[in-house]
Amino acid sequence: IAPVTMNAFELISTSQGLNLSSLFEK
Amino acid sequence: MGCFHSKVIKQVPGHEDPVILASQTAFTVSEVEALFELFKSISSSLIDDGLINREEFQLALFKNRNKENLFANRIFDLFDVKQKGVIDFGDFVRSLNVFHPNAPQEDKIDFTFKLYDMDCTGCIERHEVKQMLIALLCESEMKLADETVEAILDKTFLDADVNQDGKIDRSEWQNLVSRNPSLLKIMTLPYLRDITTTFPSFVFNSEVEEVAT
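Here is the structure:
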């Protein structure tokens, strides 16, 4: 998907810093 | 005397009573205790003081203590409810509660609104979204021309900023999220359903005992 067709928040929400599941990975 | 069970709670300094935390959240007492195992491992990774500092939080997220990340910092600030520069166990459990699959949608919407309202003005402003977008592009090593970034912002605000005042308020955010539920995907951690199997050692450290009286 071309980024320009995406909502900015859709792109932002792919940040690794927002993915808290990595807290649970030992 | 009849035989019945009651709970005896051993207080451990430095963290809140798991029974009370369970009563305030979607977690069971055992799940709160399993979360304590996770909390202990994060909070002792650099300084064993029973508190999670910013560096420990980043280390747990990225397995790298020096990786500065705008979004991880923002999450840390929201977890640091009392704004002490550290996350205590109560903050940790109550904040993770918002990420529970059973947590109310409203709480998840509120959390994301605060996350993106970086200046805490009560609105998500265009310059904030641009700053986050640029941070995301840096993080993912994706290069986009400034005109492309502006075009994404134009499209986003055209969609979200219904009253066209140049910023996204709480009700506009709620409206946008209801039309784009994937924006809340980051707010649900299925891991939280299986926390007792991920950290089974909580059983050996349980503070809540069943005793016959």
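Chains A and B supply the protein sequences, listed in that same order. Quick note on the numbering used here: the first sequence kicks off at 1311 and runs consecutively. Quick note on the numbering used here: the second sequence kicks off at 9 and runs consecutively. For every residue, glycine included, the Cβ atom is placed at its ideal position computed from N, Cα and C.
According to DSSP, valine 94 of chain B shares a beta bridge with B/Asn61.
When B/Glu149, B/Leu197, B/Leu46 and B/Val137 are compared, the shortest CA-CA separation from lysine 175 of chain B is found for B/Val137.
Where asparagine 81 of chain B is concerned, the enclosing alpha helix (DSSP H) starts and stops at 78-87. Contact between the region 29-36 of chain B and the region 99-107 of chain B is present, with at least three C-beta pairs closer than 8 Å. Within the same chain, no residue comes within 8 Å of serine 1323 of chain A by CB-CB distance, once the 5 residues on both sides are set aside.
Within the same chain, and ignoring the five residues on either side of glutamate 133 of chain B in sequence, the residues whose Cβ sits closer than 6 Å to its Cβ are Lys175. Fewer than three Cβ pairs drawn from the region 158-178 of chain B and the region 68-81 of chain B lie within less than 8 Å of each other, which leaves the two stretches out of contact. Counting only Cβ-Cβ distances below 7 Å, isoleucine 194 of chain B has contacts in chain A at Ser1323, Leu1328 and Asn1329, in chain order. A distance of 8 Å or more separates the beta carbons of threonine 206 of chain B and proline 109 of chain B. For phenylalanine 107 of chain B, a Cβ of chain A is located within less than 8 Å of the residue's own Cβ. With a contact defined as Cβ atoms closer than 8 Å, serine 1325 of chain A and leucine 144 of chain B qualify at about 5 Å.
With respect to the C-alpha of isoleucine 83 of chain B, the residue from A/Thr1315, A/Asn1317 and A/Leu1330 having the closest C-alpha is A/Leu1330. Around the beta-carbon of histidine 135 of chain B, fewer than 16 other beta-carbon atoms lie within 10 Å, marking it exposed. About 7 Å separates the beta carbon of leucine 67 of chain B from that of leucine 54 of chain B, a gap short enough to meet the 8 Å contact definition.
Counting the other Cβ atoms within 10 Å of the Cβ of serine 179 of chain B gives fewer than 16, which makes it exposed.
Nearest C-alpha to glutamate 64 of chain B among B/Asp96, B/His23, B/Val185 and B/Lys90: B/Asp96.
In this structure threonine 129 of chain B does not touch leucine 191 of chain B by the C-beta definition: roughly 20 Å separates them, more than the 8 Å allowed.
Taking a Cβ-Cβ cut-off of 9 Å, isoleucine 28 of chain B has no neighbours in chain A, whose nearest Cβ is about 23 Å from it.
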